[in-house]
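**Student:** Provided herewith is a single structure, encoded as structure tokens, for subsequent inquiry.
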Amino acid sequence: MSSHSRDLASCASNSEISDENINNNDDLEVDNSKCVLLKIATLYAEQLMSDLILDVGGVAYPVHRLILCASSEVFQVMLMNREWSECKKTRIVLQENPVAASVFPQFLKYFYTGQIKISHKTVLPVLSLADKYNISDLMTLCLEYMGQHVAQAAQRGQLIAWMQYTMACGHNKVAKACQNFFKWNLEWNWLDSELDELEGETLAQLLQQNDLVVHNEMSVYNLTMYRDGLLVGQYERVWEVQQTAGGRALFTPRLYTEDTWGSVLAVDNFHSLPCYHMRTFIFSTRPALADIAHTDRMMEWTVDLYPKGVWFRKSMLIAWSGTYDVPEAVLRTVRIAITCLSVTAPDPYRPEPDVRVKMVLTVKENIMMLHISVKKFNDMCEVNSHLTVVDFDLVTPNLGRCPKCVESNASTEPSHLMGPNKDQLRVQVVILPLTDYCYVSPAEVAAGSDRLGP
């Protein structure tokens, strides 16, 4: 007796019969679906009653037309439509690349069992086969796996291949996740073999984005050195480009992690901090992007970080129309307040700068969350700005209900803390001056206009 026959006998003996149905009702429902699935799998495993041969990479696979047509719309048209020559053939040669051919046995077995093993190496060829033969359920499984393993793909040298394939095939959600990881971790130790796979058009598209996170502009230059076509000088067009709205994006600074433009706010022993704790950081940044402003003094900043929420105590508001009681409130957010201590005097040769504030939430060595807003800091505007970094529940373990909060804390294990004990919070603040030549997106303007506190 073969192993599949023994499995069928065991499966039949373990069929689920409800005692309640036996005692209370003459109608009996038996769940024997596992045996049925096993019978179908046996047809493939033991090559029983096959009526078609698929030739892939010189290897013959006995299959069943019924199973192929039920699983794939492409196979259904190919094998059922009389206008196709394959309809009457008993042996069909499928042209697949070597990588796809290597996973074709697992791909074909999925038709019969609904089970498949995928990894960072095999998920892309399996997805390409699922796309080619229009198997939506397998596509969904592969895309879910890829979306959950973007960082691991980068570690194993697969991210760029994932990114380019999903961009080309319109799998926008996974493509966006891969693009964000590439942009936010541009100085990752990318392998030369990976960068060779990166198409020039794709790289040019990514380099035009203003949310690239890099140490400085030289990092971008070094990345593009291997692409001679991207470095062709067209200096005569600079003035012309400056006159267009889209061209101003080329003069917009990226998100530089160099110490010149900001600081890392580090909070250790997060779980031992009291609620509504505040920690103050002081640092300085340059007032202009260009090095020519050598006489300018540095801009001094104070940043108050509230890692465990903010508690506004009960107060009284005095206005011209009367006096009003302001009730207490608790904001369940990780929040920062930025204050400019020294606003640089206006320069007749340089437009008065707005300030682009970027906050990065890091976990391990990867950037996991990005918040950008545009604020104006000068003598005519308020110098204090409140910005929310991340929801409090995303970095705090399940603590039940806070006595001052309306809603209960139903959070699970914190996912935005780092370190061996998951008790370190890292928020990087980058402050960049903008001029009239820079481009500011509507989303950044909206984020900058939000007043999240009193």
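The opening residue of the sequence shown carries number 4 in our numbering; numbering runs sequentially from there. We treat Cβ as the ideally placed atom computed from N, Cα and C, and that holds for glycine. Please read these numbers as outputs of a predicted model, since none were measured by experiment.
1) Using the Cα positions of K378 and V433, report the straight-line distance between them to the nearest angstrom.
2) What would DSSP say about P256, mapped onto helix, strand or coil?
3) Mapping the DSSP letters down to three states, classify V336 as helix, strand or coil.
4) Quick one: grab the DSSP three-state call for P351.
5) Three-state secondary structure (DSSP) at G325?
6) From P108 to I95, what distance separates their C-alpha atoms?
7) Is the beta carbon of D439 closer than 7 Å to that of H274?
8) Go ahead and label C384 buried or exposed: buried means 16 or more other beta carbons lie within 10 angstroms of its beta carbon, across all protein chains shown.
9) My understanding is that Y113 touches A252, with C-beta atoms under 8 Å, so please give their C-beta distance in whole angstroms.
10) Going along the chain, which unbroken runs of the alpha helix (DSSP H) with 4 or more residues stay wholly within the segment 184-208?
11) Do you know offhand how far N183's Cα is from D328's?
12) Among S122, A103, S345 and Y224, which one has its Cα closest to the Cα of E303?
13) Within the continuous beta strand (DSSP E) that includes D307, where are the two ends?
14) Give me the Cα-Cα distance between V201 and L162, rounded to the nearest whole angstrom.
15) I'd like to check one pair, V153 with L189: are the Cβ atoms closer than 7 Å?
16) Would you kindly work out how many angstroms separate the C-alpha atoms of P277 and K311, rounded to a whole number?
17) Spatial neighbours of K407 within its chain, please: C-beta separation below 8 Å, excluding the five flanking residues on both sides.
18) In angstroms with no decimal places, state the Cα-to-Cα distance between S74 and S131.
19) I'd like the list of long-range same chain contacts for P256, defined as Cβ closer than 6 Å, with 5 residues on each side in sequence excluded.
20) For S287 versus M301, is the C-beta spacing smaller than 7 Å?
21) May I have the straight-line CA-CA distance separating M319 from T326, to the nearest angstrom?
**Tutor:** Quick answer:
1) Within the sequence shown, the letter at position 375 stands for residue 378. Within the sequence shown, the letter at position 430 stands for residue 433. The alpha-carbon of K378 is positioned some 13 Å away from that of V433.
2) Numbered from its first residue, the sequence shown carries residue 256 at position 253. Three-state result, P256: coil.
3) Within the sequence shown, the letter at position 333 stands for residue 336. Looking at the sequence shown, residue 336 is not Val but Thr. If DSSP states are grouped into helix, strand and coil, T336 belongs with the strands.
4) For the purposes of this step, residue 351 is taken as the residue at position 348 of the sequence shown. Residue placement at P351 is flagged as unreliable, the pLDDT there being 38, under the threshold of 50; the coordinate-derived value follows with that caveat. In the structure shown, P351 falls within a coil segment according to DSSP collapsed to helix, strand and coil.
5) Here the question's residue 325 lines up with position 322 in the sequence shown. Reduced to three states, the DSSP call for G325 is strand.
6) Translated into the one-based positions of the sequence shown, residue 108 becomes position 105. Translated into the one-based positions of the sequence shown, residue 95 becomes position 92. C-alpha separation (whole angstroms): 16 Å.
7) For this step, residue 274 is matched to residue 271 along the sequence shown. For this step, residue 439 is matched to residue 436 along the sequence shown. No, they are not a contact pair.
8) Within the sequence shown, the letter at position 381 stands for residue 384. For C384, the predicted structure reports a pLDDT of 47, less than 50, and the residue's modelled location is therefore unreliable. The matter cannot be settled from this model.
9) Working through the sequence shown from its first residue, we reach residue 113 at position 110. Working through the sequence shown from its first residue, we reach residue 252 at position 249. So it is not a contact: roughly 45 Å between Cβ atoms.
10) The segment 184-208 contains these whole alpha helix (DSSP H) runs: 195-200.
11) The residue given as residue 183 occupies position 180 in the sequence shown. The residue given as residue 328 occupies position 325 in the sequence shown. Cα to Cα, the separation comes out at about 45 Å.
12) Looking up residue 303 in the sequence shown gives position 300. Residue S345 is the option with its Cα nearest to E303.
13) Taking the first residue of the sequence shown as position 1, residue 307 is located at position 304. Its beta strand (DSSP E) spans residues M302 to Y309.
14) The residue given as residue 201 occupies position 198 in the sequence shown. The residue given as residue 162 occupies position 159 in the sequence shown. This sequence places Leu at residue 201; Val is not what is there. Computed Cα separation, rounded: 10 Å.
15) Within the sequence shown, residue 189 is the residue found at index 186, counting from 1. Within the sequence shown, residue 153 is the residue found at index 150, counting from 1. Between L189 and V153, the CB-CB gap reaches or exceeds 7 Å.
16) For the purposes of this step, residue 277 is identified with residue 274 of the sequence shown, where counting begins at 1. For the purposes of this step, residue 311 is identified with residue 308 of the sequence shown, where counting begins at 1. So the alpha carbons of these two residues sit roughly 8 Å apart.
17) Residue 407 sits at position 404 when you count from the first residue of the sequence shown. Since pLDDT at K407 reaches only 48, below the 50 mark, its modelled position is unreliable, and no value is offered.
18) What you label residue 74 is simply residue 71 of the sequence shown in a count that begins at 1. What you label residue 131 is simply residue 128 of the sequence shown in a count that begins at 1. The straight-line gap from Cα to Cα measures roughly 16 Å.
19) Within the sequence shown, the letter at position 253 stands for residue 256. Excluding residues up to 5 positions away in sequence, L292 and L435 lie with their Cβ nearer than 6 Å to the Cβ of P256 in the same chain.
20) Taking the first residue of the sequence shown as position 1, residue 287 is located at position 284. Taking the first residue of the sequence shown as position 1, residue 301 is located at position 298. Their beta carbons are under 7 Å apart, which means S287 touches M301 by this criterion.
21) One-based indexing of the sequence shown puts residue 319 at position 316. One-based indexing of the sequence shown puts residue 326 at position 323. T326 has its alpha-carbon roughly 7 Å from the corresponding atom of M319.
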